[in-house]
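J.:
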Amino acid sequence: MIDIWRQHATDKQGMLDAEAQSLAQLITGATAKNLVRVFFLQEQLKSLGKDKSYQPKYVHVIGAGTMGGDIAAWCAFRGFHVSLQDQTPQRIAPAIKRAHSLFKRKLKRPVKITEAMDRLMPDHKGIGVERADIIIEAIFEDADVKRSLYKTIEPRMKPDAVLATNTSSIPLEELCTALSRPERLVGLHFFNPVAMMQLVEVVTGESTSAEVAAHAMTFTRQIDRLPLPVTSTPGFLVNRILMPYLMEAVLLEAEGIPPAVIDKAATTFGMPMGPVQLADTVGLDICLHVAEILAEHFTAEIPDSLRKRVADGNLGRKSGRGFYNYKKGKPVKTRTGAGNWNMEEISNRLIDRLLNESVSCLREHVVENNDLLDAGMIFGTGFAPFRGGPMQHIDAVGAETVYKQLQTLKALRGERFTPDDGWNILMQS
Ligand code: NAI
Numbered sequence: 001m002i003d004i005w006r007q008h009a010t011d012k013q014g015m016l017d018a019e020a021q022s023l024a025q026l027i028t029g030a031t032a033k034n035l036v037r038v039f040f041l042q043e044q045l046k047s048l049g050k051d052k053s054y055q056p057k058y059v060h061v062i063g064a065g066t067m068g069g070d071i072a073a074w075c076a077f078r079g080f081h082v083s084l085q086d087q088t089p090q091r092i093a094p095a096i097k098r099a100h101s102l103f104k105r106k107l108k109r110p111v112k113i114t115e116a117m118d119r120l121m122p123d124h125k126g127i128g129v130e131r132a133d134i135i136i137e138a139i140f141e142d143a144d145v146k147r148s149l150y151k152t153i154e155p156r157m158k159p160d161a162v163l164a165t166n167t168s169s170i171p172l173e174e175l176c177t178a179l180s181r182p183e184r185l186v187g188l189h190f191f192n193p194v195a196m197m198q199l200v201e202v203v204t205g206e207s208t209s210a211e212v213a214a215h216a217m218t219f220t221r222q223i224d225r226l227p228l229p230v231t232s233t234p235g236f237l238v239n240r241i242l243m244p245y246l247m248e249a250v251l252l253e254a255e256g257i258p259p260a261v262i263d264k265a266a267t268t269f270g271m272p273m274g275p276v277q278l279a280d281t282v283g284l285d286i287c288l289h290v291a292e293i294l295a296e297h298f299t300a301e302i303p304d305s306l307r308k309r310v311a312d313g314n315l316g317r318k319s320g321r322g323f324y325n326y327k328k329g330k331p332v333k334t335r336t337g338a339g340n341w342n343m344e345e346i347s348n349r350l351i352d353r354l355l356n357e358s359v360s361c362l363r364e365h366v367v368e369n370n371d372l373l374d375a376g377m378i379f380g381t382g383f384a385p386f387r388g389g390p391m392q393h394i395d396a397v398g399a400e401t402v403y404k405q406l407q408t409l410k411a412l413r414g415e416r417f418t419p420d421d422g423w424n425i426l427m428q429s
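Anchor point for the sequence shown: position 126 equals 126 in the working numbering, and the numbering is continuous, going up by one each time.
1) Can you tell me the Cβ-Cβ gap for ARG156 and VAL129, rounded? I've got them flagged as a contact below 8 Å.
2) Residues in the same chain with beta-carbon distance under 6 Å from ARG309, minus the five sequence neighbours each way, listed in chain order, please.
3) What do you reckon, is the C-beta of GLN13 under 8 Å from a heavy atom of the ligand NAI?
4) Work out the CA separation of THR28 and MET343 for me, nearest whole Å.
5) Measuring alpha carbon to alpha carbon, tell me which of ARG147, PRO110 and ASN239 ends up nearest HIS275.
6) What does the Cβ neighbour count give for ASN369, buried or exposed, with the cut at 16 atoms within 10 Å?
7) Can you give the Cα-Cα distance for TYR324 and ALA279, rounded to whole angstroms?
8) Using DSSP bridges, identify the partner residues of THR231.
9) So the candidates are MET217, MET377 and THR334; which of them puts its Cα closest to the Cα of ILE257?
10) State the Cα-Cα distance for the pair GLU19 and ILE4, rounded to the nearest angstrom.
11) The ligand NAI and MET67: does the residue's C-beta get closer than 8 Å to at least one heavy atom of that ligand?
12) Please report whether the beta-carbon of ALA266 lies at a distance below 9 Å from any beta-carbon of chain B.
13) Helix, strand or coil: how does DSSP classify GLN198 here?
14) Grouping DSSP H, G and I as helix and E and B as strand, with all else coil, what is GLN44?
15) Given a cut-off of 9 Å on the beta-carbon distance, is the pair LEU237 and GLY380 in contact?
16) Can you tell me where the alpha helix (DSSP H) with GLN85 in it begins and where it stops?
17) Any heavy atom of the ligand NAI closer than 8 Å to the beta-carbon of ILE139?
18) Can you name the start and end residues of the beta strand (DSSP E) that GLU137 belongs to?
19) To which residues of the same chain is MET427 closer than 7 Å at the C-beta, ignoring the five residues directly before and after it?
20) Does the beta carbon of LEU306 fall short of 8 Å from some heavy atom of the ligand NAI?
21) Between ILE92 and the rest of its own chain, which residues show a CB-CB distance below 7 Å, the 5 nearest in sequence each way excluded?
22) May I ask you to report which of helix, strand or coil DSSP gives THR165?
23) Which of helix, strand or coil does DSSP assign to LEU315?
24) Could you tell me which residues DSSP pairs with PHE190 in its beta bridges?
25) Assuming ASN166 contacts ALA138 (C-beta within less than 8 Å), just tell me the rounded distance between them.
26) Do ASN356 and LEU288 have their C-beta atoms within less than 9 Å of each other?
27) Between VAL145 and the ligand NAI, is the CB less than 8 Å from at least one heavy atom?
28) Are the CB atoms of MET377 and ILE286 nearer to each other than 9 Å?
29) What does DSSP give as the partner residues of TYR58 in its beta bridges?
30) Report yes if the C-beta of LEU149 is less than 8 Å from at least one heavy atom of the ligand NAI; otherwise report no.
31) In this structure, how does DSSP classify VAL332 when only helix, strand and coil are distinguished?
32) How many angstroms separate the CA atom of ILE302 from the CA atom of HIS8?
Right, here's the structure in full:
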């Protein structure tokens, strides 16, 4: 607008014409189309959890750590009666304190804050299991520990109660063997921080009943989150697609490219935060853990520099040091100077690995279709919304173009860029 005014300040008709043209471009351009699509994708996710007949009241959360504590607080904030279990009362206390801050921030009025606090009950003995309509398990990411917990709680659960696990990487088939009624187990994979991240992956295993999956989806909407149905494959959708992109960033850093340059390449593409800062924010220990689980199932390299940082206790923002150093929770980004970096190649290396994994997930039907994949990546990771998601981006650039880029990168940088078989299906359609 300012440019047009500046150019046509003395010519009223010229200004009106230029304005009309520029507006038409804004309304009909790719950015507008993609953003309108994002709106409809959001509506599509919302429509997945609309079963009004399902009205759970009581939620029991087991594990009051980073995730369980925040999930419990969020459910209480959204009006549910929640009991929160952990091994000792001392482990629950910090979660209750965090919940109080959340309620204060969101609800403001003292009476509302008190009501929300009354809905959230510390329950280290796990008495809430017996009355819960939904039990959300968010204990350590260890299949044996989870299985032995299930054995102890299943006999005490109400017959129609849903058992949801927040596991970020363990296939449900490995967990449900401990249950006499495995059809009750579903994944509700929340993202950190729970109060900010809209997406919840609703993971169905081979045994999960359709009714339980539908209940999980409806519950997700009831707590004002967006449900994304995914299959129980390693990493599910979002982490599986994100991880090659993060690992490529770690490799670039190990090659001597400053983190701020790598992040700049991604934010220029349209990501809300660069991959290096994202890895630091998620926690390098958590990234490493998820990468290791994925490496068991897919050919994936885990850079030594990541292992070393974790071994040295440099875990990212939470420890004050990761790839960046942190001051008051903010990364200190040293000036990178003009630097003679090939920004296009850096960007392609990062984004093409993400696109390649997206195509792989689609070929394996981790999600049902392109729309759901795009929605998952936009609402789960903030993937450049104006580009409409990974699949929409491939469509815009052309599948053949990305395929060729991958082949070139494979020749230059190695096997990890081998195009997935799914590209052939895409290029034929
Ligand atoms: P955490 O280590 O912060 O908390 C786990 C809590 O579970 C601890 O307080 C521990 O005392 C408790 N616990 C362990 N065994 C228990 C038992 N038998 N009974 C009662 N309480 C028990 O872990 P975090 O990060 O909250 O992760 C929990 C789950 O959420 C894991 O499955 C993880 O993969 C998943 N997840 C984690 C994310 C993250 O960013 N931290 C993101 C998404 C999922």
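A virtual CB, placed ideally from N, CA and C, is assigned to each residue, including glycine.
T.: Reading it off the structure:
1) The Cβ separation is near 5 Å, so the contact holds.
2) Around ARG309, the same chain offers LEU284 as residues with beta carbons nearer than 6 Å, after the five sequence neighbours per side are excluded.
3) Not so, every heavy atom of the ligand NAI lies at least 8 Å from the Cβ.
4) Here the alpha carbons of THR28 and MET343 stand approximately 29 Å from one another.
5) Checking the sequence shown, residue 275 turns out to be Pro, not His. Relative to the Cα of PRO275, the nearest Cα in the group ARG147, PRO110 and ASN239 belongs to ASN239.
6) Result: exposed.
7) The alpha-carbon atoms of TYR324 and ALA279 are separated by roughly 10 Å.
8) According to DSSP, THR231 bridges with THR204.
9) Measuring from the Cα of ILE257, the nearest candidate turns out to be THR334.
10) Cα-Cα distance, rounded: 7 Å.
11) In this structure, MET67 has its beta carbon less than 8 Å from a heavy atom of the ligand NAI.
12) Within the model displayed, chain B is absent; a lone protein chain is all it includes.
13) If DSSP states are grouped into helix, strand and coil, GLN198 belongs with coil.
14) Helix.
15) With respect to GLY380, LEU237 sits close: the two C-beta atoms are nearer than 9 Å.
16) Judged by DSSP secondary structure, GLN85 falls outside any alpha helix (DSSP H) and instead within the beta strand (DSSP E) spanning 81–85.
17) Flag set: Cβ of ILE139 near the ligand NAI.
18) Boundaries of the beta strand (DSSP E) harbouring GLU137: 134–137, taken from the DSSP string.
19) Within the same chain, MET427 has close Cβ partners ALA399, GLU400 and TYR403.
20) No, the Cβ of LEU306 stays beyond 8 Å of every heavy atom of the ligand NAI.
21) The answer, listed in chain order, is ALA64, LEU84, ASP86, PRO122 and HIS124.
22) It is a strand residue.
23) Three-state result, LEU315: coil.
24) VAL200, per the DSSP bridge assignment.
25) Yes, they are in contact, since the Cβ atoms of ASN166 and ALA138 sit about 4 Å apart, within 8 Å.
26) No, the Cβ-Cβ distance between ASN356 and LEU288 is not below 9 Å.
27) Within the cutoff, so yes.
28) It is not a contact, given that the beta carbons lie outside the stated cut-off.
29) Beta bridge pairing from DSSP links TYR58 with HIS81.
30) When distances are taken from the beta-carbon of LEU149 to the heavy atoms of the ligand NAI, the shortest one is below 8 Å.
31) VAL332: strand per DSSP, three-state reduction.
32) Their backbone Cα atoms lie some 56 Å apart in a straight line.
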